[in-house]
Amino acid sequence: MLVQITFAVIIAAAAVALIIQLQRGRRPKALSAQQSAQFEEGTLTVTGVSDRPAKADAKGEVFATISGTIVGPGTSPTDVYTTVVLNLANDRWPRPGDDLPVLYKPGKVDTSWRLGTLPPP
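In the UniProt record's numbering, the protein residues as written are 1 to 121.
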């Protein structure tokens, strides 16, 4: 009985952690001034992108998987990939060769990067 309860708690904790990680990576919130001080700006050169779907969901959004190489100050070129949410009506679909602005924590590029730029000071 105790083993079953322990197993259920572990599965529930893993599910919560997975959901939080997926939500954080899909459409990240704007950074506060304190958070932005931890990030550096770089460039993602797109090397691959999923096919653009013909239809979007009710909000006009679709998933896009992007792969590429991040370069920037304080880091060597790092190969990365992610899945992002794009609005078919408003967002331009990325293409291989595009250079997109990214943010990353120095020394943790492959796990901390996100699309975007730092807010003005």
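Virtual Cβ for every residue (Gly too), placed ideally from N, Cα, C. No experiment lies behind these values; they were computed from the predicted model shown.
CB contact flag (residue i, residue j, <7 Å)
i	j	result
residue 77	residue 40	no
residue 103	residue 92	no
residue 61	residue 85	yes
residue 75	residue 109	yes
Continuous alpha helix (DSSP H) stretch holding residue i: start and end
i	result
residue 112	109–112
Integer-rounded CB distance, given that residue j should sit under 8 Å from residue i
i	j	result
residue 43	residue 80	Contact doesn't hold; Cβ gap of about 12 Å is too wide.
residue 149	residue 56	No statement about residue 149 is possible, as the shown extent of the chain runs from 1 to 121 and does not include it.
residue 67	residue 48	4 Å
residue 94	residue 46	5 Å
residue 37	residue 50	In fact, because the Cβ distance is near 33 Å, the residues do not count as touching under 8 Å.
Counterpart residues of residue i in DSSP-defined beta bridges
i	result
residue 96	DSSP output for residue 96 lists no bridge partner at all.
residue 87	61
residue 101	43
Residue i: first and last residue of the uninterrupted beta strand (DSSP E) it sits in
i	result
residue 63	61–72
Within-7 Å CB hit, residue i to chain D
i	result
residue 101	Absent from the structure is chain D; it holds one protein chain and no more.
Residue i versus residue j - alpha carbon distance
i	j	result
residue 13	residue 112	22 Å
residue 4	residue 16	18 Å
residue 120	residue 2	53 Å
residue 8	residue 90	42 Å
residue 53	residue 99	22 Å
residue 116	residue 58	25 Å
residue 123	residue 10	Nothing in the structure corresponds to residue 123, since the chain is present only between 1 and 121.
residue 118	residue 6	43 Å
residue 107	residue 69	15 Å
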